[in-house]
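Undergrad:
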Amino acid sequence: MSDEKTSVRKSWFWDFIDNIQGDKVILIIITMLILFSIVTIFSSTSLLANADTSRLDIFKGQMVTVAVGVALIAVCYLIPKIWIFRFLSQFGFLISALFLILLHTPLGVEVNGAVRAIQLGPIQVHAYEVTKVAMVLYLAWAIHAYKNDSFKVANLLSSRYRSMKFLAKPGCKRFIYIFAPILLVCVGILFGSFSSTVFIGGIMFVTILIGGIKFKDILAPAVLCVAVIAVCIGIYWVSGGQVFERFGTAINRLAIGEKHQNIKDLKPGTVEFQDALDDIIQPASAKIAIHEGGIIGKGPGNSTQKYTVPLMFSDYMFSFIIEEYGILGGILVITLYVSLLARASLIVRSCDNEFAKTAVAGLAVLISGQALMHMFINADLGPLTGQTLPMISHGKSSFFAFSIAFGVLLSISKMAKAKIMKEEAESEPLVEGLGIQDDNVQNTLAELDDFESGRG
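When you line the sequence shown up against our numbering, it's residues -17 to 438, in that order.
1. First and last residue of the beta strand (DSSP E) that includes Q441?
2. Could you spell out the range, first to last residue, of the beta strand (DSSP E) harbouring V291?
3. Restricting to Cα atoms, I'd like to know which of I374, A202, T367 is closest to C442.
4. For I16, count neighbouring Cβ atoms within 10 angstroms of its own Cβ and tell me buried if that reaches 16, exposed if not.
5. Taking only three categories from DSSP, how would you classify L17?
6. Assuming the contact rule is C-beta atoms closer than 8 Å, T47 and I303 should be a hit. Round their C-beta distance to whole Å, please.
7. Reducing DSSP to helix, strand and coil, say where I100 ends up.
8. Among F300, F173, I211, which one has its Cα closest to the Cα of F18?
9. Does V48 come out as helix, strand or coil in the three-state DSSP assignment?
10. Under 8 Å Cβ to Cβ from S350, same chain only, skipping five residues before and after it: list those, please.
11. Do T367 and S177 count as a contact pair if the criterion is CB distance below 8 Å?
12. Nearest to L391 by alpha carbon, out of I329, I374, M357?
13. Quick one: is L165 buried, meaning 16 or more other Cβ sit within 10 Å of its Cβ, or exposed?
14. Does DSSP put L139 in a helix, a strand or coil?
15. Comparing C-alpha positions only, which one of V52, L354, S26 sits nearest to I40?
16. Which same chain residues, not among the five before or five after D334, have their C-beta less than 7 Å away from its C-beta?
17. Smallest Cα separation from G389: which of N360, A346, M294?
18. Quick check on T87: buried or exposed, where buried means 16 or more other Cβ atoms within 10 Å of its Cβ?
19. So who's on the other strand from G90, going by DSSP bridges?
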């Protein structure tokens, strides 16, 4: 009797899995990343615990975060039509601009030395995490509208007012709807983080290249973008570092390699030695964690570097994973993100409209690109950028934003799969269309052989 119940339970589970129409490889990747997140957050957040908050409280909070994230994935997955995503995505730039503007109001909250979050009642929202996903989806909409000439406002104004005829030109639409939003968002982010500006700006440019915008059309806006950054640097120097102060942070991070050398010449116990040590403690401890992890790691809960690296649970999560789970654990995580990129390329081939193709490719590049950058920084192959490990590192805003991204990927893969199945079903009655019934196929082939051999 118990065996029958177990069989029924297993049957129910696999029936549920079979009924999921989205890409099952991406579903497996999401599940693995979430499991990694639950385990590593519980083990790596020792320094977050204090007199008011225990590690168990942090773990419970992470479970709530995961539950909300899974709900967001489910909501996106259940959206039945691609036009709904496309309609909502056109507001991505406005949402990004609103969040970046709110950073300069009393709602702005300082995080790690810069105003990057917005306090909305009990909820703290990291503006840059929202901007990443929102802008990729917006650019997917803009590229779709550009290729189909469906910018309604520009078309309406150019047709009604002679003075606005220039809005009908493709180059003008391209600048207003694609390049100008990218430039404005980059400047908005530049107030709080130079590294995030470079990363998010790079992702946006890659997205429009994937979407089919020609490289020659990007050159002029790219030069303009460099010029704007140069002006911002000038403002930074003239203001004595009071405006765009994150340039100074970027310069200090680029100079960490030099500080590694300088600390050897300083006397231990001096103020200069301690300041230099504080600057290099995180990247140095991250490398120690990777070294001590070895092939199989120290085992869950046995990390020692989590007590010396304040941001081990976010900015240095990959180092923590290797310390506890070894190179093998690190390879598994790398495989998950690379597999996502490979799987997304297959989904893109199945999509039949520009929005779906650009959204899937852009989101996959965003997730995998941020993961790879996080890994490079953890291996001390570049300056600290503050980019977390998607769906694994601690942080509600990041987890929710990437949950939406994964939900969109699953939903579009479901729609693409349904379309392919429909086309296959419509193309099945090929033999019947030739006037040959299934039961008579063998007889017909035999008659054809007789005819060719001269016996018919």
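By construction, the Cβ of each residue, glycine as well, lies at the ideal position given by its N, Cα and C atoms.
TA: Quick answer:
1. As shown, the chain starts at -17 and ends at 438. That puts residue 441 outside it, with no answer to give.
2. As a working mapping, residue 291 is identified with position 309 in the sequence shown. Taken as a continuous stretch (DSSP letters only), V291 belongs to no beta strand (DSSP E), as it is neither H nor E.
3. Only positions -17 to 438 of the chain appear in the structure, and residue 442 is not among them; the question remains open.
4. Residue numbering aside, residue 16 sits at position 34 when the sequence shown is read from its first letter. Counting Cβ neighbours within 10 Å, I16 comes out buried, since at least 16 surround it.
5. For the purposes of this step, residue 17 is taken as the residue at position 35 of the sequence shown. Helix at L17.
6. Stepping through the sequence shown from its first residue, residue 47 is reached at position 65. Stepping through the sequence shown from its first residue, residue 303 is reached at position 321. Not really, about 19 Å apart at Cβ, beyond 8 Å.
7. One-based indexing of the sequence shown puts residue 100 at position 118. I100 falls in the strand class under three-state DSSP.
8. Your numbering for residue 18 matches position 36 in the sequence shown. Answer by Cα proximity: F300.
9. Here the question's residue 48 lines up with position 66 in the sequence shown. Three-state result, V48: helix.
10. Within the sequence shown, residue 350 is the residue found at index 368, counting from 1. Excluding sequence neighbours, S350 sits near Y319, V320, L322, L323.
11. As a first step, residue 177 must be located in the sequence shown, where it is residue number 195. As a first step, residue 367 must be located in the sequence shown, where it is residue number 385. Yes, these two residues count as a Cβ contact at 8 Å.
12. Position 409 of the sequence shown, counting from 1, holds the residue named residue 391. Considering only alpha carbons, the answer is I329.
13. On the sequence shown, residue 165 is found 183 positions in, with the first residue counted as 1. Under this definition L165 is a buried residue.
14. Looking up residue 139 in the sequence shown gives position 157. Helix.
15. Numbered from its first residue, the sequence shown carries residue 40 at position 58. Minimum Cα distance to I40 is reached at S26.
16. Taking the sequence shown and counting its residues from 1, the one referred to as residue 334 is at position 352. Excluding residues within five positions, the ones whose Cβ falls inside 7 Å are K401.
17. As a first step, residue 389 is located in the sequence shown; it is residue number 407 there, counting from the start. The shortest C-alpha separation from G389 is found at A346.
18. Start at 1 with the first residue of the sequence shown, and residue 87 comes out as number 105. Exposed, by the Cβ-count rule.
19. Here residue 90 refers to the residue found at position 108 when the sequence shown is read from its first residue. Looking at the DSSP assignment, G90 forms a beta bridge with I100.
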